[in-house]
Structure formats: structure tokens, C-alpha cells
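Colleague: Sharing a structure below in C-alpha cells format, with a few things to ask.
Number of protein chains: 2
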Amino acid sequence: MGKVRVACFGLTLDGFSAGADQSLQNPLGVHGTEMMDWFFPTDVFRKMHADGESGETGVDNDMAARSFENVGAWVLGRNMFGPVRGPWPDESWKGWWGEEPPYHVPTFVLTHHARKPLEMKGGTTFHFVTDGIHAALERARAAAGNKDVRIGGGVSTVRQYLKERLIDELHIAFRPVLLGRGEALWRDLDARVLGYELAEIIAGERCTHVVLQRVG
Amino acid sequence: MGKVRVACFGLTLDGFSAGADQSLQNPLGVHGTEMMDWFFPTDVFRKMHADGESGETGVDNDMAARSFENVGAWVLGRNMFGPVRGPWPDESWKGWWGEEPPYHVPTFVLTHHARKPLEMKGGTTFHFVTDGIHAALERARAAAGNKDVRIGGGVSTVRQYLKERLIDELHIAFRPVLLGRGEALWRDLDARVLGYELAEIIAGERCTHVVLQRVG
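Chains as they are written, first to last, in our numbering: chain A, 22 to 237; chain B, 22 to 237.
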């Protein structure tokens with residue numbers, strides 16, 4: 022069985038993994054992009070999201086590439102899928118990523134509101150899971166087979182899985198920026214009690230990559 | 022007039038600047054020394070606290086040395102001065118640092134309980150201030166003259182001065198360790214609203230030095 026992983030997850034000097042007031046204009050919350058500024062220039066990101074032009078290679082790019090390796094399924098929180106709240110008014114919202122999302126595997130979206138699966142270009146199918154984080158992970162594991170399940174976020178989703186001790190590996194991309202307000206990753210969680218240990222620290226060009234592994 | 026500075030202030034990956042349950046055995050709280058492990062091998066620390074043997078030089082040592090430059094007075098919280106709580110039972114507690122503390126200038130200790138000044142070897146005199154953080158800073162500024170006032174800690178003291186926008190420069194020594202529990206530096210503080218901006222990021226041998234400056 023593969024691992025359950027979080028990867029390339031941003032963290033600021035003041036402890037936030039997303040800014041406040043997420044919206045259509047600010048998918049990462051206010052000032053949230055400052056946290057992810059290391060990712061946008063990478064070749065991995067540019068080939069995936071931008072105009073297909075090549076980007077920078079180096080440590081940050083290697084870590085970005087590694088985050089996509091061996092991933093058999095994703096789990097996303099509703100907020101990471103989009104800014105729509107409450108019941109789906111229609112089927113028009115298809116995620117932040119256009120016609121071909123960067124997942125290319127079955128992707129399970131946590132929501133309280135049922136919706137039929139949404140098949141996108143490039144192999145991504147969004148499945149909407151209404152019966153909780155455990156059910157979503159079970160379905161993702163089944164879909165992933167021997168590969169890993171990647172928990173994409175957002176912060177609330179990652180925190181829920183952390184609390185339940187379901188995340189095996191957590192790769193944090195630490196940036197010494199200040200958001201001021203936002204969603205705090207560790208607030209009221211005890212990383213040691215949850216079993217995390219430092220596995221790797223890798224200095225990137227624009228952030229510090231810290232890999233935590235759950236032991237015992 | 023000099024600056025009001027915090028320097029070499031530890032911060033962990035999970036947002037703590039001290040561990041939980043400070044005590045005589047754990048002046049930095051449980052696991053708190055893991056946060057300061059970059060400081061102990063430096064030449065600055067070894068010459069100051071240890072057996073006088075020389076330690077490592079390099080970036081971390083330079084930043085440690087810089088933290089002591091141009092300091093004309095210190096302000097310390099009661100917990101940073103010692104583990105004694107409530108009224109002073111007697112005059113026997115003289116700080117964590119032995120006969121010759123590493124301050125060498127007037128040092129103002131915040132406390133609710135009056136005590137007469139305590140003159141130590143090497144120029145440090147501890148003055149016990151019972152009328153609050155503003156009074157302590159005023160006295161420290163007067164004592165420092167044109168030099169800087171350094172707010173030594175602990176976390177609660179630094180947070181009180183941050184809230185009142187009284188700290189001009191905050192040098193954080195970030196270490197990607199996990200304490201699990203402890204005193205969170207930024208909890209419920211908004212670093213941007215308080216006016217902080219990134220001034221310097223310097224990769225040390227064992228930690229990342231981040232210097233924040235208050236603008237406007």
C-alpha cells in the first residue's frame with residue numbers, strides 16, 4: 022500500500038498555510054500567493070499551469086516534481102476545489118484549473134453536498150464525497166492501488182487528517198514571509214504527540230523544504 | 022535614540038518560541054533547547070556561558086555576536102529571569118546565569134513583586150520593575166542612552182511589547198524542529214498590521230536568521 026502524503030504545503034514565518042478570506046480572486050487567501058512564490062517560477066508549475074513555456078530548474082523544481090511522483094489519487098477539501106459554498110447551484114464550477122486539471126488521476130473532493138462525478142481532460146475525474154474524510158480516504162486508497170494518496174489541502178482538510186493520524190508524510194515548503202492573518206497549520210495540534218519527526222531539510226532557491234514523517 | 026530590539030529569538034516549525042512547562046530543569050520549557058541548538062556551539066555562547074573554550078565561528082556565530090552589539094540595556098520578563106513565581110521568598114535567586122550574567126549593562130526585570138536592585142559581577146545590575154512594560158522600557162531607554170534596548174524575552178514579554186508596537190527590530194532564529202506544545206510567538210497577533218516587513222534572510226549553519234523591521 023502506498024503512503025498518504027501531503028506535499029509542497031506552504032508555511033509562513035507566522036505559521037499560516039493559507040491567507041484569510043479565500044475568494045475567486047484569492048484562491049490562497051489574501052497575500053497567500055506570497056507563500057507559494059517559490060512554486061510559480063518552477064518548470065513543473067509553468068508546464069502545468071501557464072503557457073507551457075519552460076521554467077526554472079533546481080532544488081525547488083525537483084521538490085515540486087517529486088510531489089507529483091507515484092500519486093495514484095488525490096483528496097481535496099471543498100475550498101481547495103473552489104469558492105462555491107453550500108449546495109451546488111449548478112454544474113458550472115469545475116475547479117480552479119480549467120479544462121485539464123493537474124491531477125490526472127481520480128480526485129476525491131470533500132463536500133456536504135452531493136454532485137455527480139465530473140470527468141475532465143487528462144485523466145482527472147472529480148468524485149464528490151459526502152460521507153466524511155475517512156470514507157474519502159478509503160475510496161482514494163482503493164483508487165490509488167499501490168500508489169500514494171496525496172491530500173492536496175486546504176488547511177482545514179490537512180488538519181483534519183493530521184488529527185486522525187492518517188498522514189504518513191508531510192512535506193512543508195517554508196517561506197519566511199508574513200501573512201498576518203490566515204489559516205494556522207499547527208494551531209492546537211501537537212506535532213510530537215501526533216508522531217511527527219524531521220526526516221529531511223533541503224534548502225531550496227526560494228524556500229526551505231522540510232519533510233516530516235510519522236513514526237510509531 | 023537607539024532601537025528597541027529582539028534578537029536571536031527562537032522559532033520552531035510549529036510556531037513556538039519556548040517549550041511548555043518551564044522549570045529549573047527546563048529554562049526554555051520542555052524540548053526548548055532543541056530550538057536553540059544552533060546557538061550553543063557558537064564561539065559567542067561558549068565564551069559567555071561555558072568553560073571559556075572557543076566555539077564555532079561562521080554565520081550563526083556572527084549573528085549571535087551582532088545581537089550583543091550596541092546594547093545599552095535589557096528588559097527581561099520574570100520567567101526569563103527565573104522559575105520563582107509569586108512574591109520573592111528571599112534574595113537567593115539571582116538568575117540562571119551564575120555570578121557574572123551575560124548582560125553587562127542595566128537589566129530591567131518585569132515583576133509584580135518589588136525587590137531591591139541586584140548588582141552582579143561584570144556590570145549587570147538587575148532592576149526589578151513593578152509598574153509595567155511601558156515603565157520598564159522607559160527606564161531601559163534612559164539607561165541605554167544612544168544605544169539599543171534589547172528585549173530578551175520570554176515569549177509573553179516579547180508578545181506584550183509587539184502588541185504595543187514598541188519593538189523596532191525582531192531577529193528570529195528559525196529552526197525546523199517540532200516542539201508540539203509551548204508558547205506560540207504569533208498566536209492572535211497580526212504581524213502585518215503591527216507593521217513588520219522582512220528586512221534580511223540569512224542562512225546560518227544550523228538555523229535561518231530572519232530579521233523583521235517595523236515600518237510606518
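All C-beta atoms in this analysis are idealised placements derived from N, C-alpha and C, irrespective of residue type, glycine included.
These numbers were taken from a predicted model, which means no experiment stands behind them.
Spatial neighbours of Ala164(A) within its chain, please: C-beta separation below 6 Å, excluding the five flanking residues on both sides.
Modeller: Taking the first sequence and counting its residues from 1, one reaches residue 164(A) at position 143. Counting only Cβ-Cβ distances below 6 Å, and skipping sequence neighbours, we find Ala94 and Pro127.
Colleague: In chain A, which residues lie with their C-beta within 9 Å of the C-beta of Pro104(B)?
Modeller: Along the second sequence, read from residue 1 onward, the residue named residue 104(B) stands at position 83. None at all; the shortest Cβ gap to chain A is about 23 Å.
Colleague: Does the CB of Ile154(B) have a neighbour CB from chain A at under 7 Å?
Modeller: Locating residue 154(B) in the second sequence gives position 133, where the first residue counts as 1. So, not an interface residue.
Colleague: Which residues, in order along the stretch 195-222 of chain B, keep a beta-carbon less than 9 Å from a beta-carbon of chain A?
Modeller: Taking 9 Å as the Cβ-Cβ cut-off against chain A, the residues of the stretch 195-222 of chain B that qualify are Phe195, Pro197, Val198, Leu199, Leu200, Gly201, Arg202, Ala205, Leu206, Trp207, Arg208, Leu210, Asp211, Ala212, Arg213, Val214, Leu215, Tyr217, Glu218, Leu219 and Ile222.
Colleague: I'd like to know whether the C-beta of Asp35(A) is nearer than 7 Å to at least one C-beta of chain B.
Modeller: In the first sequence, counting from the first residue as 1, residue 35(A) sits at position 14. Yes, its Cβ sits closer than 7 Å to a Cβ of chain B.
Colleague: Between the stretch 139-167 of chain A and chain B, which residues of the former have a C-beta closer than 9 Å to a C-beta of the latter?
Modeller: Correct list: empty, as no residue qualifies.
Colleague: In chain B, what lies closer than 8 Å to Ala224(A) by C-beta?
Modeller: Taking the first sequence and counting its residues from 1, one reaches residue 224(A) at position 203. Simply Ala224.
Colleague: Could you name the residues of chain B that Val231(A) contacts, counting a contact when the two beta carbons are closer than 7 Å?
Modeller: Residue mapping note: residue 231(A) aligns to position 210 of the first sequence, counting from 1. The contacting residues are Leu34 and Pro197.
Colleague: For Val198(A), count neighbouring C-beta atoms within 10 Å of its own C-beta (all shown protein chains included) and say buried if the count is 16 or more, exposed if not.
Modeller: Here residue 198(A) refers to the residue found at position 177 when the first sequence is read from its first residue. Classification of Val198(A): buried, given that the 10 Å Cβ count is 16 or more.
Colleague: Do Ala135(B) and Thr151(B) have their beta-carbon atoms positioned less than 7 Å apart in this structure?
Modeller: Taking the first residue of the second sequence as position 1, residue 151(B) is located at position 130. Taking the first residue of the second sequence as position 1, residue 135(B) is located at position 114. Their beta carbons are under 7 Å apart, which means Thr151(B) touches Ala135(B) by this criterion.
Colleague: Quick one: what does DSSP say Glu121(A) is sitting in, helix, strand or coil?
Modeller: Translated into the one-based positions of the first sequence, residue 121(A) becomes position 100. Coil.
Colleague: Flag this pair as yes or no: are the beta carbons of Gly203(B) and Phe37(B) separated by less than 7 Å?
Modeller: Taking the first residue of the second sequence as position 1, residue 203(B) is located at position 182. Taking the first residue of the second sequence as position 1, residue 37(B) is located at position 16. Cβ atoms of Gly203(B) and Phe37(B): closer than 7 Å.
Colleague: Who are the near neighbours of Leu222(B) in its chain, counting only those whose CB is closer than 6 Å to its CB and skipping five residues on each side?
Modeller: The residue you call residue 222(B) lines up with position 201 of the second sequence. It should be noted that the sequence gives Ile, not Leu, for residue 222(B). Excluding positions up to five away in sequence, the list reads Val231.
Colleague: Which runs of the alpha helix (DSSP H) at least 4 residues long sit entirely within the stretch 170-232 of chain B? Give them in chain order.
Modeller: Runs of the alpha helix (DSSP H) inside the stretch 170-232 of chain B: 176-184.
Colleague: So who's on the other strand from Thr54(A), going by DSSP bridges?
Modeller: The residue given as residue 54(A) occupies position 33 in the first sequence. For Thr54(A), which the question treats as bridged, DSSP gives no partner whatsoever.
Colleague: So is Pro138(B) buried or exposed if we call it buried at 16+ other beta carbons inside 10 Å?
Modeller: Walking along the second sequence from the start, residue 138(B) turns up at place 117. Under this definition Pro138(B) is an exposed residue.
Colleague: Compute the Euclidean distance between the alpha carbons of Gly31(A) and Pro110(B), then round it to the nearest angstrom.
Modeller: By 1-based counting over the first sequence, the position of residue 31(A) is 10. By 1-based counting over the second sequence, the position of residue 110(B) is 89. Going by the C-alpha atoms only, they are around 48 Å apart.
Colleague: According to DSSP, is Val65(A) helix, strand or coil?
Modeller: As a working mapping, residue 65(A) is identified with position 44 in the first sequence. Three-state result, Val65(A): helix.
Colleague: Return the CA-CA distance between Val179(A) and Glu74(B), expressed in angstroms with no decimal places.
Modeller: Counting from one through the first sequence, the residue named residue 179(A) turns up at place 158. Counting from one through the second sequence, the residue named residue 74(B) turns up at place 53. Each residue's Cα considered, the two are about 47 Å apart.
Colleague: So which of Tyr124(A), Glu185(A), Leu45(A) and Asp58(A) has the shortest CA-CA distance to Met69(A)?
Modeller: Indexing the first sequence from 1 puts residue 69(A) at position 48. Met69(A) has its Cα closest to that of Tyr124(A), out of Tyr124(A), Glu185(A), Leu45(A) and Asp58(A).
Colleague: Could I get the ranges of all uninterrupted beta strand (DSSP E) runs contained in the stretch 114-167 of chain A, with 3 residues as the minimum, in chain order?
Modeller: Within the stretch 114-167 of chain A, the complete beta strand (DSSP E) runs of at least 3 residues are 127-131 and 146-150.
Colleague: Can you name, in chain order, every residue of its own chain whose Cβ lies under 7 Å from the Cβ of Gly103(A), other than the five neighbours on each side?
Modeller: As a working mapping, residue 103(A) is identified with position 82 in the first sequence. Excluding residues within five positions, the ones whose Cβ falls inside 7 Å are Trp114, Gly116 and Trp117.
Colleague: So which residues of chain B does Phe188(A) contact, with C-beta pairs closer than 7 Å?
Modeller: For the purposes of this step, residue 188(A) is taken as residue 167 along the first sequence, with counting starting at 1. The amino acid at residue 188(A) is misidentified as Phe; the sequence shows Ile. Within chain B, no residue comes near Ile188(A); the closest Cβ sits about 14 Å away, beyond 7 Å.
Colleague: Would you call the stretch 153-173 of chain B and the stretch 82-92 of chain B touching, i.e. three or more CB-CB distances under 8 Å?
Modeller: Enough Cβ pairs lie closer than 8 Å, so yes.
Colleague: Do you know offhand how far Ser177(A)'s Cα is from Gly50(A)'s?
Modeller: In the first sequence, residue 177(A) corresponds to position 156, counting from 1. In the first sequence, residue 50(A) corresponds to position 29, counting from 1. If you take the alpha carbons of Ser177(A) and Gly50(A), they lie about 13 Å apart.
Colleague: From this set, Ala41(B), Val25(B), Cys29(B) and Gly23(B), which residue's C-alpha is nearest Arg213(A)'s C-alpha?
Modeller: Here residue 213(A) corresponds to residue number 192 of the first sequence, with the count starting at 1. Checking every option, the nearest Cα to that of Arg213(A) belongs to Ala41(B).
Colleague: List, in order along the chain, the chain B residues whose C-beta lies closer than 9 Å to that of Ile193(A)?
Modeller: For the purposes of this step, residue 193(A) is identified with residue 172 of the first sequence, where counting begins at 1. The contacting residues are Leu34 and Pro197.
Colleague: Can you find the residues in the same chain that come closer than 8 Å, C-beta to C-beta, to Glu226(B), ignoring five residues on each side of it along the sequence?
Modeller: Walking along the second sequence from the start, residue 226(B) turns up at place 205. Trp59, Glu77, Gly79, Val80 and Asp81, listed in sequence order.
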